[in-house]
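Residue numbers (our numbering), protein chains in the order written: chain S, 51 to 306; chain P, 36 to 105.
Even glycine gets a Cβ: it sits at the ideal position worked out from N, Cα and C.
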Amino acid sequence: MILYNVFVPRIKVDHQEPDPVSVAVSVAVADRPLPVPPEKPVAEPVKPPIDRPDPNGTNKLLNAKSSPSILSAFAAFPDAVKFQGEDADEEIILLMRAHIVTNVKWFLITLALLAFPLILAPLVGSLNFLGFSGAGTGIVALIFWYLAIFTYAFINFLYWYFNVYIVTNERVVDIDWYSILYHKTSSTRISKIQDVSVTRVGVFAGVFDYGDIHIQTAAEEANFEFAAVPHPELVKDKLEELMEEEEKEWEVNPDA
Amino acid sequence: MLELLQFGLIVKLFFVVLTLFYVVFLLVVYRQISLMTQVLDSHLSPLIRVVALGQIVAAVFLLVLALILA
Numbered sequence: 051m052i053l054y055n056v057f058v059p060r061i062k063v064d065h066q067e068p069d070p071v072s073v074a075v076s077v078a079v080a081d082r083p084l085p086v087p088p089e090k091p092v093a094e095p096v097k098p099p100i101d102r103p104d105p106n107g108t109n110k111l112l113n114a115k116s117s118p119s120i121l122s123a124f125a126a127f128p129d130a131v132k133f134q135g136e137d138a139d140e141e142i143i144l145l146m147r148a149h150i151v152t153n154v155k156w157f158l159i160t161l162a163l164l165a166f167p168l169i170l171a172p173l174v175g176s177l178n179f180l181g182f183s184g185a186g187t188g189i190v191a192l193i194f195w196y197l198a199i200f201t202y203a204f205i206n207f208l209y210w211y212f213n214v215y216i217v218t219n220e221r222v223v224d225i226d227w228y229s230i231l232y233h234k235t236s237s238t239r240i241s242k243i244q245d246v247s248v249t250r251v252g253v254f255a256g257v258f259d260y261g262d263i264h265i266q267t268a269a270e271e272a273n274f275e276f277a278a279v280p281h282p283e284l285v286k287d288k289l290e291e292l293m294e295e296e297e298k299e300w301e302v303n304p305d306a
Numbered sequence: 036m037l038e039l040l041q042f043g044l045i046v047k048l049f050f051v052v053l054t055l056f057y058v059v060f061l062l063v064v065y066r067q068i069s070l071m072t073q074v075l076d077s078h079l080s081p082l083i084r085v086v087a088l089g090q091i092v093a094a095v096f097l098l099v100l101a102l103i104l105a
């Protein structure tokens, strides 16, 4: 205590009355609510990339060839697509349609049909020659024609869009829309597949890299055919890889 | 004159019946599209349904037009 008194200097503080203006200001500032900083937009949680084992590098190749668009004919691991009967733990590995080049035929027909009224116009005009005023009829016919062409193109697009081949980690699914009145969905488990083969026919198939994939299944199940799909060799490799994985799983746990 | 009137009537009837069949056909297409969008669901499904519905509306409009104009 003595030491403390010796070494610590004493400071004299004069008592001062508080200034009334500064008191008023400090009270006003204290009463004012603090400015709230604008809320930062909450970013959507980013999905962590799924860690898929890829010992042969086929997933990497599939991703490289894949297009993220929903209108793509070859999409690897599409996350915005669901199909009827999909299990909760099932993951779509590949979604395929016929190669985009296969649509050229109906597209060209549509273009030709669009130009047809230009050829037909003089013939329609000849109706006046018979004394029949076909102005109203002509308008209705023209609108009908273009609507019908639109329907033709739309339905052809839908045939392409809804004819889908799906490979999941569990099975292979074939969704077919044959006609306006008939559609069919069939699937088989990967473990039931016995053989996968690829056929390429024609120059276009070679140039644009598409072909048919034939999937031979166990005797009691129907065989599958993926018609004119892009990168058929790659799909075959992936299917064979999945078959091997299933075989290994079966060896470890035959009851699964 | 009577022949012309009859010819006009036949043409009108032809377009009315044709458009009527067209409307029915589009309704069937819409039904199938609804089923198929359930089978394969994606971001594009609502747009496809809207386009199919738009076609039906246009065809009904054409039917009315055929009754009035043709």
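Query	Result
Of all the residues that make up the region 145 to 166 of chain S, which are near chain P by a beta-carbon distance shorter than 7 Å?	none
Closer than 8 Å, Cβ to Cβ, to anything on chain S: give me those residues from the region 62 to 82 of chain P, in chain order.	63, 64, 67, 68, 70, 71, 73, 74, 75, 76, 77, 78 and 79
Anyone know if the C-beta pair for residue 202 (chain S) and residue 159 (chain S) falls short of 9 Å?	yes
Is residue 120 (chain S) closer than 9 Å to residue 100 (chain P) when the C-beta atoms are compared?	no
How long is the line joining the alpha carbons of residue 139 (chain S) and residue 220 (chain S), rounded to whole angstroms?	9 Å
Quick one: grab the DSSP three-state call for residue 345 (chain S).	In the structure displayed, chain S extends from 51 to 306; residue 345 (chain S) sits before or after that span and is not available.
Report the rounded CA-to-CA distance for residue 297 (chain S) versus residue 291 (chain S), giving the unit in angstroms.	10 Å
Which of helix, strand or coil does DSSP assign to residue 280 (chain S)?	strand
Ordered along the chain, which non-local residues of its own chain (more than five positions away) have a Cβ less than 7 Å from that of residue 88 (chain P)?	65
Would you kindly report the start and end of the unbroken alpha helix (DSSP H) that includes residue 127 (chain S)?	No alpha helix (DSSP H) contains residue 127 (chain S), which DSSP labels as neither H nor E.
In the DSSP assignment, what residue or residues form a beta bridge with residue 309 (chain S)?	Past the boundaries of the shown model lies residue 309 (chain S); chain S is included only from 51 to 306, so the question cannot be answered.
Alpha carbon to alpha carbon, how far is residue 115 (chain S) from residue 124 (chain S)?	8 Å
Could you please give me the residues that DSSP links to residue 261 (chain S) through a beta bridge?	S:279
Which same chain residues end up closer than 7 Å to residue 195 (chain S) when comparing Cβ atoms and leaving out the 5 residues on each side of it in sequence?	167
Assuming contact is defined by CB atoms lying nearer than 9 Å, are residue 61 (chain P) and residue 90 (chain P) in contact in what I supplied?	yes
Grab me the residues of residue 55 (chain P)'s own chain with a C-beta within less than 6 Å of its C-beta, minus the 5 sequence neighbours each way, in chain order.	none
Considering Cα atoms alone, identify which of S:270, S:241 and S:213 is closest to residue 150 (chain S).	S:213
Identify which residue in S:236, S:217, S:293 and S:218 has its Cα closest to the Cα of residue 225 (chain S).	S:236
Can you tell which of S:289, S:239 and S:216 has its C-alpha closest to the C-alpha of residue 248 (chain S)?	S:289
The region 187 to 198 of chain S: which residues have C-beta closer than 8 Å to a C-beta of chain P, in chain order?	187, 189, 190, 191, 193, 194, 197 and 198
Whole angstroms is fine: what's the gap from residue 78 (chain P)'s alpha carbon to residue 72 (chain P)'s?	10 Å
Checking contacts by CB at 9 Å: is residue 132 (chain S) closer than that to chain P?	yes
Can you tell me the Cα-Cα spacing of residue 277 (chain S) and residue 270 (chain S), whole angstroms?	22 Å
Would you mind reading off the limits of the alpha helix (DSSP H) that contains residue 199 (chain S)?	185 to 212
Can you check which of these residues, S:282, S:234 and S:240, is closest to residue 111 (chain S) by C-alpha distance?	S:282
Just to confirm the assignment, what range does the alpha helix (DSSP H) spanning residue 80 (chain P) have?	80 to 103
I'd like to confirm the pairing. Which residues does DSSP put opposite residue 227 (chain S) in its beta bridges?	S:233
In the structure shown, what three-state DSSP assignment does residue 250 (chain S) receive?	coil
Mapping the DSSP letters down to three states, classify residue 287 (chain S) as helix, strand or coil.	helix
Does the Cβ-Cβ distance between residue 130 (chain S) and residue 113 (chain S) come in under 9 Å?	no
Kindly indicate which residue of P:69, P:76, P:47 and P:92 has the alpha-carbon position closest to the one of residue 128 (chain S).	P:76
Can you check whether the C-beta of residue 86 (chain P) is within less than 9 Å of a C-beta belonging to chain S?	yes
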